[in-house]
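Numbering (the working numbering), first residue to last: 33 to 385.
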């Protein structure tokens, strides 16, 4: 297998997509990235970053620590180092770099569990057949595994655990920006719809002591919230409400907050969720607060456009631009009340009409 091209001058992954390279070489960068991801997942899976947390070690030492074949491990480590994720010195010792420190199990602000989730076969296999989604508009995940994503994870506890660990590790991005840009203190009672185990709601109530909250999610999800709420200091201000948000959400709140949930669903189902919120508001003037990717315009770099393909292939969901959000919310009985900034974390406020 030989798909080599001219060697980029910039070492590691940074040079693979250099626009100064010949076009063919730039395409080869995607092939190199595929090889690198497989190699990196392998060393994370067997625990190499954890074994390097105490300092540099040789492949033989890492082999003994991880129970792996020394020669095979060295070859994979060498490739990962060539990609710029590890350091390799002339004495044959490997060490973590800043980019790989977050792959250690207990790293503060780490990304290990998110990386293992994103590179898990349950997310890779749908990508083998994205063309199915192109031809049908349906999630390729169903074609690959025979059932929708959430049904599959509920039936496979080991995969559900992979998902749960990743979501716990991914719950913080954008949090500070949300709190900096929006005053939640104006609301007396906030429902976190699809709020999982309550991490965000706990942080919100800590910052706004005059506010109470309702944690609304599926029964099996909120059943696991006790561990988060106990000892949080705000558990007595939170009501846990098992909820099927396609049917109804708890009434009696003056704000309904939905964070990184609606993109999991197609337009029809997302609208159904918002209709449940609108029904709960009734004749009141409660606000709908949506936090999601807000896609930028044509030709602009936006990671949300890549996440959109993931949403399509795995969930049958979608990322959306401002006009799309306004259209869905409008169909459910809302009109926008703010001017959000496009980006990977945007807060859209809607009022009922």
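For glycine and all other residues, C-beta sits at the position ideal for the given N, C-alpha and C.
When the Cα atoms are used, what is the spatial distance from residue 172 to residue 345?
-> 5 Å
Helix, strand or coil: how does DSSP classify residue 177 here?
-> Three-state result, residue 177: helix.
Starting from residue 273 and walking both ways along the alpha helix (DSSP H), at which residues does that stretch end?
-> Run containing residue 273: none in the alpha helix (DSSP H); it sits in the beta strand (DSSP E), 270-274.
As assigned by DSSP and simplified to three states, the class of residue 323 = In the structure shown, residue 323 adopts extended strand secondary structure according to DSSP, grouped into three states.
Check residue 381 in the structure and name its three-state DSSP category.
-> Correct three-state label for residue 381: strand.
Report the rounded CA-to-CA distance for residue 223 versus residue 291, giving the unit in angstroms.
-> 11 Å
Among the residues of its own chain, which have a CB less than 6 Å from the CB of residue 177, if the five just before and after it don't count?
-> 184
Per DSSP, the bridge partner or partners of residue 317 | Paired residues: none, contrary to the question.
Just the C-alpha distance for residue 372 and residue 208, rounded to the nearest angstrom, thanks.
-> 16 Å
Could you check the C-alpha separation between residue 270 and residue 219 for me, to the nearest Å?
-> 14 Å
So residue 385 and residue 365 are in contact, right, with Cβ under 8 Å, and what is the actual spacing, rounded?
-> 6 Å
Check residue 243 in the structure and name its three-state DSSP category.
-> coil
Name the residue from 123, 376, 58, 132 whose alpha carbon lies nearest to the alpha carbon of residue 84.
-> 132
Go to residue 120, then tell me how far its alpha helix (DSSP H) extends in each direction, as first and last residue.
-> Run containing residue 120: none in the alpha helix (DSSP H); it sits in the beta strand (DSSP E), 118-120.
At least 3 beta-carbon pairs within less than 8 Å: the segment 74-90 vs the segment 49-60 = no
Write down every uninterrupted run of the beta strand (DSSP E) in the segment 133-213 whose length is 3 residues or greater and which is fully enclosed by it, in chain order.
-> none
Count the other CB atoms, across all protein chains shown, that sit within 10 Å of the CB of residue 189; report buried if there are 16 or more and exposed otherwise.
-> exposed
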